[in-house]
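Okay, so here's the structure we're looking at.
Number of protein chains: 4
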Amino acid sequence: MATRINSVPHPTLIQVDPFLPADEQQGLHNRWHPDIPPFVTVKPGDVFKVECVDWTGAQIGNNDNSDDVRDVDLTKVHNLTGPIAIEGAEPGDCLVVDILDVTPFEKMPWGYTGIFELRNGGGLFAREFNSRACKAIWDFHGVYATSRHIPGVRFAGVSHPGLIGTAPSHELLAQWNKREKELIDAHPGAVPPVAFPPEPVGAHVGQLGLSDNLKERIAREGARTIPGREHGGNCDIKNLSRGSRCYFPVFVRGANLSVGDLHFSQGDGELSFCGAIEMAGIITFKTSIIKNGVEKFALKQPIFLPSPIDPVYSSKLVFEGISVDYHGDGKQYNMDATVAYKQAALNAIAYLQKLGFTREQAYILLSAAPIEAHVGAVVDSPNACVTLALPVGIFDFDILPKEEGLQKRDLGQCAVRSDGLL
Amino acid sequence: MATRINSVPHPTLIQVDPFLPADEQQGLHNRWHPDIPPFVTVKPGDVFKVECVDWTGAQIGNNDNSDDVRDVDLTKVHNLTGPIAIEGAEPGDCLVVDILDVTPFEKMPWGYTGIFELRNGGGLFAREFNSRACKAIWDFHGVYATSRHIPGVRFAGVSHPGLIGTAPSHELLAQWNKREKELIDAHPGAVPPVAFPPEPVGAHVGQLGLSDNLKERIAREGARTIPGREHGGNCDIKNLSRGSRCYFPVFVRGANLSVGDLHFSQGDGELSFCGAIEMAGIITFKTSIIKNGVEKFALKQPIFLPSPIDPVYSSKLVFEGISVDYHGDGKQYNMDATVAYKQAALNAIAYLQKLGFTREQAYILLSAAPIEAHVGAVVDSPNACVTLALPVGIFDFDILPKEEGLQKRDLGQCAVRSDGLL
Amino acid sequence: MATRINSVPHPTLIQVDPFLPADEQQGLHNRWHPDIPPFVTVKPGDVFKVECVDWTGAQIGNNDNSDDVRDVDLTKVHNLTGPIAIEGAEPGDCLVVDILDVTPFEKMPWGYTGIFELRNGGGLFAREFNSRACKAIWDFHGVYATSRHIPGVRFAGVSHPGLIGTAPSHELLAQWNKREKELIDAHPGAVPPVAFPPEPVGAHVGQLGLSDNLKERIAREGARTIPGREHGGNCDIKNLSRGSRCYFPVFVRGANLSVGDLHFSQGDGELSFCGAIEMAGIITFKTSIIKNGVEKFALKQPIFLPSPIDPVYSSKLVFEGISVDYHGDGKQYNMDATVAYKQAALNAIAYLQKLGFTREQAYILLSAAPIEAHVGAVVDSPNACVTLALPVGIFDFDILPKEEGLQKRDLGQCAVRSDGLL
Amino acid sequence: MATRINSVPHPTLIQVDPFLPADEQQGLHNRWHPDIPPFVTVKPGDVFKVECVDWTGAQIGNNDNSDDVRDVDLTKVHNLTGPIAIEGAEPGDCLVVDILDVTPFEKMPWGYTGIFELRNGGGLFAREFNSRACKAIWDFHGVYATSRHIPGVRFAGVSHPGLIGTAPSHELLAQWNKREKELIDAHPGAVPPVAFPPEPVGAHVGQLGLSDNLKERIAREGARTIPGREHGGNCDIKNLSRGSRCYFPVFVRGANLSVGDLHFSQGDGELSFCGAIEMAGIITFKTSIIKNGVEKFALKQPIFLPSPIDPVYSSKLVFEGISVDYHGDGKQYNMDATVAYKQAALNAIAYLQKLGFTREQAYILLSAAPIEAHVGAVVDSPNACVTLALPVGIFDFDILPKEEGLQKRDLGQCAVRSDGLL
């Protein structure tokens, strides 16, 4: 007979409250540093859960204006759960991480996608659009998301951690800070900034009993969490989703895995910076160790096996872009895949506007829905070619090109600033 | 009863000989210019075929050294079949092109992939590898390709035209030449060149009765075929494959469609420049016209619907890369997706070398096999993140990471120069 | 800011305890009858959850013998949650049901697959194998299941309700009971029985305040839940999974939807009768009504749109079968797809035995894993042809045919009876 | 340089004329018998082509009436190309056959689907519909088929040989003839017949120099080609398509492979008997031998690996059926998957009629298009449940259920008898 006695739930090793500010909570941190002690330790083979706040730590609300996005404090992001030490892991090993599940909290069945201000966060088109804060709230209905701010659309989530990585060694951390400083120095006054140096303000390590000295050092030296790096980090790869198996290089004893920035869904590119459907939630892990795996697999950065349950929308409309800024000043770039992707995305946005979406709705939709961006070719000088594939099946109506043109619907708009600025 | 009388084959409107130099043949041209007259004219709705030589025009042979690749004459490429005028098409219209089939010639069941010399063609890693000419010959066995130069691999082709486009208007052509000249001027002496200006040497328009004046003008002004541009062109998008439906902007009366550079297969990125499995062959088309389609669909560049028969390999091993040249000098780039893709590809090459492939075999394999390159994220300053997904099912042996490491096989090498330089 | 106040969880309208006998609980019933009153009522558009016990109502335990399967009381199955009335639904309407999610209880992360005794339940091969009770316990690790009783296998669940349907009208119920009685009468003494007549013993309607008279009538007349019928019911269609949208005919006012028999996974055919991975859990619904939908869509039985997140394993090994009992007495059947499927399954079992699985492990595996059974052809007299596709990617080792034959591993056995009978 | 000299086409070992009666041609035969000598012999590893007439041997024409279908001579089918002996194959071996490509003749870019008369061929609904001959002609446009007799539909072909098999041994042949005779004897006078005994009339072995004695014996004893059997044969499995790899048991020295009945496309079930898109064409093969493979893989019937290029239409509308003849007399059948599939198909036909297709168009469409029929469950006594999945993407218009019902279009009708009988 089935009894509670013969049923053993998987333990939740780190619990957080998605409705409390992150810097008031234990088991969270927001900088990368080798000296952050593990908050919990697991054995290889254990199945366990940890909880995550959303990346901002509860700064964004389920409402119909975007002032919270406008005013977000970015010194406090990303809030990561961990570190989790894995017994026996040593530098040079490969840490195998099964991402067994990623779900929102039952008590918080919603998430958000934001367009950030040009001067507070940016995004792929921050300068082109002179972006003001906008927002879409997404409601989670089981495996699907819909938004009152972007009607006519429903899609299944390719849920994943936007940010997951092992702790860097001291050497690696120093290398990061050095190379990024050089980039910053080469672009003085850039808006948005080209990179983010260590920043003591807002730094948080939610652990009791740490010496002030240590805390101060972490805050002063700790790498910011914005970019992905050799250890994984904020790669924002949508297919690192529930059901995937990942192979991380280990740089410190115990590996010290941290995770956060959970996404209900995201498109390739995460265009609007806060472009995924950001959520708080729960992630289920299982780990194992392959000794000396860095050498065995020539690991300079994680590799992974995608999940068999990633959403499949076989019918797609594909937009192309090349490395000429033909939506802007017409400048010819040299094999620049980023510029090419921007053109493809701008072509898609223009198409979606023909259907009645506003520019901001389209921008958010391409950021959050499971679109695919492929590097077509990067050898045909001077033009890189990048494509953006928009799944047709996520729309309630037919979006394919028609002889008679496209029907422009009234689809409202996304949540804007209370001062109405757009 | 089935009789020859009630069976009407689709006509082949342009015939070529894949074993003759392209510049000796009619119906081929190798520059883009609005004044190249249509070679044939079709009606919307017609199903028809045209034949294509390989992009070099028979310069590369089915043999076991790469001297022909080393010595290739690039002033003569790409050799395009056409132009094909479509009755009724006018500037501003959208030309709908169904790519109904793409097949090799029955008499030529092979193709090739080349690594080009640093000083004659280049490729994504031309400088990093100081590339010397290498080559793999692929045998076509129905829907599959295998190579004696890269044993242990077999995959189904995602066959497509690497190059397809409508003719530019005079205005558009002038714009291309201007912007590309500016780039060239900004990179004097670059090796490989950053772009290719108009070049009368090697120019070819295979049509009888053209005035010398016209020919000379086309040769002098005609845009080179290397990059993809607003009209399509050499986009090298692997999913623009047989079964796809494409929507082209029309710039001149009749649209004047040209096509060439057929690929039996290609990976996203076409890394080694001549990275697809290049072939001569036959393409089957059907066209229609949507009046004023450029405005209706906000067409700045072609859009398309992919084919339902593109090969599916659901099991993949994915490599990540960021915009730091950690395989080179460690430099931090600013959100550069091209640099990120290079790292992902170099990670994959290093992994394939652990399995016994040489660096050149791996480079060619990633160029030619149906790998997928996704833009992971391009907003996490300063690092773009790009992934490369290698289909597991194309290998005869198991390539997945194993506890015990990877088994290094003896897999020979690809075809190299007769002087042995590599 | 994110607060508890702006977060509204989806309500759980019916709660059950998976560790208590079903007949002690409210909101459950185990017969189909038009007069079972709705237990809850919802409005079209509501998103809500209901909880389900496993189909046996906690009769099976997480342990290593199969005595509980041997002794299962089948008069008490299936235990269904409901009925749920939908406001406004009337006979002739179409009830649209979005199956938004199907998950196990967090407190019960396991399920089971059973081979039932020939004389208590049966199964596709009950007679061929003279089946004795066997069992495999599956542990749920996020989206995956593994079993200590069938090592070497891991797969993602295509989680679904095995049983979901609207309440029959009195006329429809009478028709069911009549036609099934005729079948039973035509096969006196069949073992296992060919069908199950109404059976007062074990009947349960978990609602307070019902008159004894009504309860007795439901028990006496109520249709058994074993087969699927025009209203849906126990169709055991694996692709009616989380993310699917289903269209049910409505036969009574309110539609009176009931659901149960949740499956973490199942193969096409559910061969061993209790062949899915049976679980208790939670299902999330949203409904809407299409007036007069039965006429609009010619609905004689539900139709549905499958989910975009059903697991994809593109590499498969396919077994064929025809309607000749060549694994038995060699008899030729007349276009019998069931016989054909049996041969395909027996071919697959024989193959799996070559790999080291026992016959019972193979039987359970084909029942529970996401295998696909296609009707190849049913017109080539006298042989129906049916195929069974076994996904290669669910095995930890390579199962494909090899020149040197298959490697036979020691894979233990499934849970058997404590008296050791097999 | 590419030259004719370094290009070796794959040889076509058997050539036929699709416009000539099959019984006038060499290299064709239409009965299974171990003593039919091989027509050609190949070595393992050879890539080669053989040509096939359509299954009727040119009896059906590209025109707009169905008199040829009505009058078809079924004693003359199926016309198979072969036998092809493989050097070294011996009884008990496994013959590995790569189906590398399957294409129509360039000179015959069309095929047909027929509904056969109740009294001449039958079909799944021959009795239910009291079928009269109907026909749809399909035009091949590259990878796609369309029909002037079924407008509004276009799909990519899952091209395959409907019939492929190794020659039976004398023992196996005797077994076939015996068991099928028993079935025939048990159903005297059945219309359509339940099976087809050996029939000298119409028998054909297109080889010169065979003794009259041998020819007469083959005609007298040879098994008819209608059903699939242990050697493969007329299995009509749509996924045994170009790109698949098949493993056949070998029963005679040389294996003696024969092939025919090429299909441009087919749905699971091939409902209308001549339900595929029947075509003449060319098939490309490569073979190898696994010694003692029958024992190694427990081969009682072929197994196979499907192709990576089978068409993918992820969006589907699924119809269910159970083993109750609710479209007919309401009879309850005992776990009969064939009856269940019939109901699912009848449900789909009724739905398609709501869209404006005639019953016959719908019947043909479900037979010829890449629909999928899954065995849902075959253990829920008394009802087998079978599903039929109709790909949404093959229609030019939206077929999904709508609030407002389905739009009934005028879609003409298929080709009928010249006497107008339907």
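Protein chains in written order, with the working numbering: chain A, 6 to 427; chain B, 6 to 427; chain C, 6 to 427; chain D, 6 to 427.
From the three backbone atoms N, C-alpha and C, an ideal C-beta is built for every residue, glycine too.
All figures in this text were calculated on a predicted structure; none of them were measured in a lab.
Contact residues of the region 282-298 of chain A toward chain C are 289 and 291 (C-beta to C-beta distance below 7 Å).
Taking CB atoms only, residue 313(C) has a neighbour in chain A less than 7 Å away. Chain D has a Cβ within less than 7 Å of the Cβ of residue 386(C). Closest by C-alpha distance to residue 240(C), out of 52(C), 307(C) and 86(C), is 307(C). Residues of the region 266-282 of chain C with a C-beta less than 7 Å from any C-beta of chain B: none at all. Residue 122(D) and residue 269(D) have their C-alpha atoms spaced approximately 23 Å apart. DSSP places residue 379(D) in the strand class (E or B) of the three-state scheme. Residues of the region 56-75 of chain C with a C-beta less than 8 Å from any C-beta of chain A: 59, 63, 64, 65, 66, 67, 68 and 73, listed in chain order. About 6 Å separates the beta carbons of residue 233(A) and residue 385(B), which is inside the 8 Å limit, making them a contact pair.
For the options 229(A), 172(A) and 318(A), the alpha carbon positioned closest to that of residue 261(A) is the one of 172(A). Here the alpha carbons of residue 317(D) and residue 297(C) stand approximately 33 Å from one another.
Per DSSP, the beta bridge partners of residue 85(D) are 34(D) and 265(D). Residue 36(B) is positioned such that its CB atom lies closer than 7 Å to that of residue 227(B). By the Cβ criterion, the region 240-260 of chain A is not in contact with the region 193-205 of chain A, since fewer than three pairs of Cβ atoms, one from each stretch, lie closer than 8 Å.
In this structure, residue 237(D) and residue 288(D) do not form a Cβ contact; the two beta carbons are roughly 14 Å apart against a cut-off of 8 Å. The alpha carbon of residue 105(A) has as its nearest neighbour, out of 186(C), 151(C) and 81(C), the alpha carbon of 151(C). Below 8 Å, enough C-beta pairs join the region 42-58 of chain B and the region 23-32 of chain B to call them touching: three or more.
For a Cβ distance threshold of 8 Å, nothing in chain C lies close to residue 143(A): the least Cβ distance comes to about 13 Å.
Between the alpha carbons of residue 107(A) and residue 14(C) lies a gap of roughly 17 Å. Take the alpha-carbon of residue 249(C) and the one of residue 148(A): they are about 10 Å apart.
Contact annotation, residue 12(D) with residue 113(B): C-beta distance approximately 5 Å; criterion of less than 8 Å satisfied.
When CB distances to chain A are screened at a threshold of 7 Å, the residues of the region 315-328 of chain C falling below it are 316, 317 and 318, in chain order. Spanning the alpha carbons of residue 126(D) and residue 175(C) requires a straight line of approximately 42 Å. With a 10 Å radius around the Cβ and a threshold of 16 neighbouring Cβ atoms, residue 142(A) comes out buried. For the pair residue 163(D) and residue 396(D), the CB atoms are not nearer than the 7 Å cut-off. For residue 144(C) against residue 115(C), the beta-carbon gap comes to about 5 Å, under 8 Å, which counts as contact. When secondary structure is reduced to three states using DSSP, residue 61(A) falls in the coil class, being assigned neither helix nor strand. Setting aside the 5 residues that flank it on each side, residue 98(D) is surrounded in the same chain by 255, 294, 296 and 298, each with a C-beta closer than 6 Å to its C-beta; the list follows chain order. Under the Cβ criterion of 7 Å, residue 162(B) is not counted among the residues facing chain C. Sequence-distant partners of residue 279(A) (beyond 5 residues in either direction) whose C-beta falls short of 6 Å from its own C-beta, in its chain, are 119 and 121. Under the DSSP assignment, residue 226(C) falls outside any beta strand (DSSP E), being part of the alpha helix (DSSP H) whose first and last residues are 217-226. Interface flag for residue 305(B) against chain A is set, since a Cβ pair is found closer than 7 Å. For residue 293(D), the uninterrupted beta strand (DSSP E) segment begins and ends at 286-295. DSSP lists 322(D) as the bridge partner or partners of residue 395(D). A Cβ of chain A is located within less than 7 Å of the beta carbon of residue 24(C). DSSP, reduced to helix, strand and coil, places residue 389(C) outside both helices and strands of the structure shown, so it counts as coil.
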